[in-house]
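Engineer: Numbering-wise (this note's numbering), the sequence shown opens with residue 560 and increments by one. Note that CB positions come from ideal geometry on N, CA and C, so glycine has one too. Here's a structure for you.
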Amino acid sequence: MVISKITIFTEIFVTVKKTFYLFALIGLAVLSCKKDGKSPSTPDPDNNGKTYDINFNVGIDANSKTVSTKSAIGQKTTADIDISDVASFLAYFVYDSQDKLVSHYVQDSTLSNFGSVNDNLQAGTYTIISLATDGKPTLYNDKNFVAVGRDNFYKKFTLTVTNSSVTQNINLQRRNGQLEIKILDAIPQGTTSISYEVNTDRALNIADGLPGDPTYLRSYVKKIPTNLIGTTNYSFLLSLTNTDRNLRVTINSATGKKVIIDSVKVMPNTRTILSGKLFDVNSAGFNASYDQAFEPDTTIVEF
560 MVISKITIFT
570 EIFVTVKKTF
580 YLFALIGLAV
590 LSCKKDGKSP
600 STPDPDNNGK
610 TYDINFNVGI
620 DANSKTVSTK
630 SAIGQKTTAD
640 IDISDVASFL
650 AYFVYDSQDK
660 LVSHYVQDST
670 LSNFGSVNDN
680 LQAGTYTIIS
690 LATDGKPTLY
700 NDKNFVAVGR
710 DNFYKKFTLT
720 VTNSSVTQNI
730 NLQRRNGQLE
740 IKILDAIPQG
750 TTSISYEVNT
760 DRALNIADGL
770 PGDPTYLRSY
780 VKKIPTNLIG
790 TTNYSFLLSL
800 TNTDRNLRVT
810 INSATGKKVI
820 IDSVKVMPNT
830 RTILSGKLFD
840 VNSAGFNASY
850 DQAFEPDTTI
860 VEF
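Here it is, written out as structure tokens:
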């Protein structure tokens, strides 16, 4: 077989031409990388591991105040409250734009800087979640939070970190309600205890600060010492996180009657008051009232 010189020359030319184009493309890519300071295989050197100081001063929103704090016993205030007045446990979570947990730690009130949160974050957009309660939580993990019989406070917001440090205040808001059971008639002789049952309380979802699973049957037996015999307006108070579903409340004593109250509603930052006679078997029942932000009572319904 005879191959002409023209054919060989043509194939060599095509090969050289393809090689030239390949090197030209590589050169353009290199020049492009040098021009904008970036490389396809490495992050922008301006944000390569660089972090910025993040500082939060955590307090309690004035609208989520209690009527009795350590610094203002029985006094109303319109100012935001120092967190140490109403809480002794604080948790802090940071999620990046991909919803990945990038920072998390807890504080308790034994720390001298309780309520001061310091962190270091790279530039970007984050979701910040902080919650607090008065006392050690009954349940605490990355999903749920339970503080049986205690106030709990919560805040979730978005933070954008650019090229400088951040310092700002966070004021948490109360997410639980309170239930007060007030027995109006005198406690008679022979009474040794009064039992209470609430069906059912719920956990607090850390992701959104709303009631969630698991659920809890809350039951208590309160002993009555002899010095309380004859007492009127005897009260029992507890905090509840179940603020989106109706509750069933049962009150019972061997020297009185069994009272079952259905469709009891507890709302965030509001005290629901059930008041009535337990030992007078001929009494009509209890009154239910709602105390918005723990202020004076207003009767809503009777049962």
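Based on the DSSP output, what are the partners of L698 in its beta bridges?
Structural biologist: For L698, which the question treats as bridged, DSSP gives the partners V705.
Engineer: Three or more C-beta pairs closer than 8 Å, one from the region 701–719 and one from the region 764–772: is that the case here?
Structural biologist: Contact between the region 701–719 and the region 764–772 is present, because at least three Cβ pairs lie under 8 Å.
Engineer: With DSSP run on the structure shown, which of helix, strand or coil describes S623?
Structural biologist: Three-state DSSP puts S623 in a helix.
Engineer: Using the Cα positions of T839 and D655, report the straight-line distance between them to the nearest angstrom.
Structural biologist: Reading the sequence as shown, one finds Asp at residue 839 and not Thr. When rounded, the distance between both Cα atoms is 59 Å.
Engineer: Starting from the Cα of F795, find the closest Cα among Q657, T809 and I640 and give me that residue.
Structural biologist: Nearest C-alpha to F795: T809.
Engineer: Do the CB positions of D821 and N805 come within less than 9 Å of each other?
Structural biologist: Going by C-beta atoms, D821 is nearer than 9 Å to N805.
Engineer: Kindly identify the DSSP beta-bridge partner or partners of I783.
Structural biologist: The partner list for I783 (beta bridge, DSSP) is empty, contrary to what the question assumes.
Engineer: Keeping to the same chain, check which residues put their C-beta closer than 6 Å to that of V757; ignore five residues upstream and five downstream.
Structural biologist: Closer than 6 Å at the Cβ level, and outside the excluded window around V757, lie R777, L806 and V808.
Engineer: Which residues does DSSP pair with R777 in a beta bridge?
Structural biologist: V757.
Engineer: Kindly list the residues whose CB is nearer than 6 Å to the CB of F688, restricted to its own chain and excluding five residues on each side of it in sequence; keep chain order.
Structural biologist: The question names Phe, yet the displayed sequence has Ile at residue 688. Same-chain partners within the cutoff: F652 and K715.
Engineer: Counting along the chain, where does the beta strand (DSSP E) carrying G835 start and finish?
Structural biologist: That run of the beta strand (DSSP E) goes T829 to G835.
Engineer: From V720, A813 and A621, pick the residue whose C-alpha is nearest to that of Y611; which is it?
Structural biologist: Of V720, A813 and A621, the residue nearest in Cα terms is V720.
Engineer: In three-state terms, what does DSSP make of D644?
Structural biologist: It is helical.
Engineer: Please list, in chain order, all residues of the same chain as P784 whose beta carbon is under 8 Å from its beta carbon, the five residues on each side excluded.
Structural biologist: Excluding sequence neighbours, P784 sits near nothing in its chain.
Engineer: Measure the C-alpha to C-alpha separation of L738 and L799 and round it to an integer number of angstroms.
Structural biologist: About 7 Å.
Engineer: Excluding the 5 residues preceding and the 5 following S754 in the sequence, name in chain order all residues of the same chain whose CB lies nearer than 6 Å to its CB.
Structural biologist: If we look at S754 and ignore the five residues flanking it on each side, its Cβ neighbours are V780 and N811.
Engineer: Please state if the CB of L718 and the CB of Y685 are separated by a distance shorter than 9 Å.
Structural biologist: In contact: Y685 and L718 (Cβ atoms closer than 9 Å).
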